[in-house]
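In this text, residue positions in the sequence shown follow this note's numbering: the first is 122, and each later residue adds one. For every residue, glycine included, the Cβ atom is placed at its ideal position computed from N, Cα and C. Note sheet for the following structure.
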Amino acid sequence: MDVASSEVFEAVVPLACRSCQARHGVVCGALSNDQLKELNRHSLRRKVDAGCEIIAQGSESSFYSNIMRGVVKLCKVMPDGRQQIVGLQFAPDFVGRPFVRESALSAEAATDAEICVFPRNLLDRMISETPELQRSLHDQALRELDAAREWMLTLGRRTAEEKVASLLHLIATHAEPQTATCTAFDLPLSRAEIADFLGLTIETVSRQMTKFRKQGVILIENSRHIIVPDMDELERITA
């Protein structure tokens, strides 16, 4: 896109969308300017406190959302009440499953978050009318499938050290702010939640975090704030 075309594009994009990460994401990035304006007219920005549920498992949701800030955890609750964290989503990820009203998972804010909420029936219509949006959602589904297979490898074959490093690397690659030399972020999960996610004990998670700190792989401030001086070294440990 040349400079003139870019300026015209900026002029017709809704003001609320211009600085939004999700504007170039899976949904909004595949919409025409007119569709983006229509979606914006019916959307609502919502702040969600950490621990609050966005979508309940088994519920029939009437909306979709884009994550604008924060981390969302996806959970599956078993019939006996046990719960498993099965995934994390970050800005500008899309939350929801098109054309399937009943949610198979729950989505809960792992940190204070901000989401952009829009009507399910409106986006479903746009999906039906827009091949580019269909392809974008299809590509996202394939990426999520690849990520799920990679996580199966992590849970099934990687050591405790590699599992904890893999989770830290996952969070770090989505963290803000980042510099050329280091990455800093707040852990969105407690030690107990990390243990649940990785199939480890809390004690094992704590030992691995302490080991990484002593080795200089990470710096820990205030128990939750993590600094990664060398992302390449952290990635190496993930195997």
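Original post:
Which residues mark the beginning and the end of the alpha helix (DSSP H) in which residue 250 is found?
Top reply: 241–250
**OP:** Tell whether a beta-carbon distance below 8 Å holds between residue 186 and residue 150.
**Re:** no
**OP:** Put residue 167 into one of helix, strand or coil per three-state DSSP.
**Re:** strand
Original post:
Helix or strand or just coil, what does DSSP make of residue 220?
Top reply: coil
Original post:
Does DSSP classify residue 285 as helix, strand or coil?
Top reply: helix
Original post:
Between the region 241–253 and the region 190–204, do three or more beta carbon pairs fall short of 8 Å?
Top reply: no
Original post:
Hey, how far is the Cα of residue 122 from the Cα of residue 168?
Top reply: Residue placement at residue 122 cannot be trusted, given a pLDDT of 48 that sits under 50; the coordinates are not used to answer.
Subject >> Cutoff 7 Å; reference residue 306; Cβ partners in own chain excluding five residues on either side >> reply: 292, 293, 296, 347
**OP:** Decide if residue 131 is buried, meaning its Cβ has at least 16 other Cβ atoms within 10 Å, or exposed.
**Re:** Bear in mind that a pLDDT of 49 at residue 131, under 50, signals an unreliable position, so the model cannot answer this.
Subject >> Rounded C-alpha distance that separates residue 230 from residue 170 >> reply: 7 Å
**OP:** Along the beta strand (DSSP E) that carries residue 84, what are the first and last residues, could you check?
**Re:** This structure cannot speak to residue 84, because the chain is shown only from 122 to 360.
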